[in-house]
Structures are given as C-alpha cells and as structure tokens.
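In our numbering, the protein residues as written are 419 to 557.
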C-alpha cells in the first residue's frame, strides 16, 4: 500500500507552492465545523486529522475524503502563503489547484481529474461565504 509520510506531504506541498510549508494535524481538533485553518502569511496549515490521513493516501483512499482534503489544503494555502483573507477567493483559487496538487501528491491524471470534479461539486454545497458565483472553477 502506497502512503506518504506527513513530512513527505509537507515537502511536496512546499515544492508545489515554492516556499517551505508546515502541515499540522491537530489532535484534538479544535474547530469541529472546520476542515482546516491557517493564519495569513504564516506558512503553517492545520488540517483535520482524518484529512491528513487522506492526504497521505491519495492513491488509495475513497474519492470524496481525498477530494475534500486536497481542496481544504489548497484553500488554506491561499491564506497561509498568499495572504488571501476573503474565504470565497481562497476557495476559488484553492479549487483551481486541486488537479495539480493531486498530481504532485501522487494521483494519476485520471484520478486527479476526478478529484478536481468532486471537489468542485462538493464546494457548491458550502455556505455562501465560501462561494463566489463568478469563480471560473464553477463554470
């Protein structure tokens, strides 16, 4: 069974965004209604433990948990690395990176496309705060 360590995930993500990033899997999880969080321009992304598992098992885990985990990571990276403070913008920019981030984490091209489509469909169900109807990912 192929699985990455959390350190390997962080290294891949750091190369992907072009700057060192730390990924923390907080236990116990402090925000029951959130999948992840990050502070503006601080290169530390906090991801729910079950999402960390999915990120480490991109090739094997079920599609929905992996799509949600990659989408969450990508969204939080917009806050942590780019300093985006608008949730709908972070969500839109994050969705735009799901495919490429999935590939970087070891998904096949076919699976990366399925993860991207799944993440976009799931994002449409988020509260209005996270959805920009003009986001190109939805079009």
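Each residue gets a CB set at the ideal place from its N, CA and C atoms; glycine is no exception.
Remember, predicted model here, so these are calculated numbers, not experimental data.
Over the uninterrupted beta strand (DSSP E) stretch that includes residue i, give me the two end residues.
i: residue 454; result: 454 to 456
i: residue 463; result: 462 to 465
i: residue 440; result: 440 to 442
Spatial neighbours of residue i within its chain, please: CB distance less than 6 Å, with the 5 preceding and 5 following residues excluded, ordered by chain position.
i: residue 455; result: 464
i: residue 553; result: 510
i: residue 534; result: 516, 517
i: residue 431; result: 439
i: residue 558; result: It is not possible to answer for residue 558, since the shown part of the chain is limited to 419 through 557.
Going by C-alpha distance, which of the options is nearest residue i?
i: residue 499; options: 440, 450, 427; result: 440
i: residue 435; options: 524, 518, 538; result: 518
i: residue 466; options: 523, 484, 551; result: 484
i: residue 478; options: 449, 520, 540; result: 520
i: residue 427; options: 532, 514, 471; result: 471
Are the CB atoms of residue i and residue j nearer to each other than 8 Å?
i: residue 505; j: residue 547; result: yes
Would you tell me roughly how many angstroms separate the C-alpha atoms of residue i and residue j, rounded to the nearest one?
i: residue 508; j: residue 458; result: 11 Å
i: residue 476; j: residue 490; result: 14 Å
i: residue 526; j: residue 444; result: 29 Å
i: residue 524; j: residue 433; result: 14 Å
i: residue 447; j: residue 453; result: 9 Å
i: residue 522; j: residue 421; result: 14 Å
Please go through the same chain and pick out, in chain order, the residues whose beta-carbon is closer than 7 Å to the beta-carbon of residue i, but skip the five residues on each side of it.
i: residue 496; result: 502, 508, 511, 512
i: residue 536; result: 481, 482, 485
What are the boundary residues of the alpha helix (DSSP H) that residue i is part of?
i: residue 490; result: 481 to 498
i: residue 553; result: Counting along the chain, residue 553 falls outside any alpha helix (DSSP H), and DSSP gives it neither H nor E.
i: residue 432; result: 424 to 435
i: residue 509; result: 505 to 514
i: residue 477; result: Premise fails: residue 477 is in no alpha helix (DSSP H) and is neither H nor E.
i: residue 533; result: 527 to 541
For residue i, I'd like the list of residues in its chain whose CB is within less than 8 Å of its CB, leaving aside the five on either flank, ordered along the chain.
i: residue 461; result: 437, 438, 439, 440, 498, 499
i: residue 442; result: 462, 463, 464, 465
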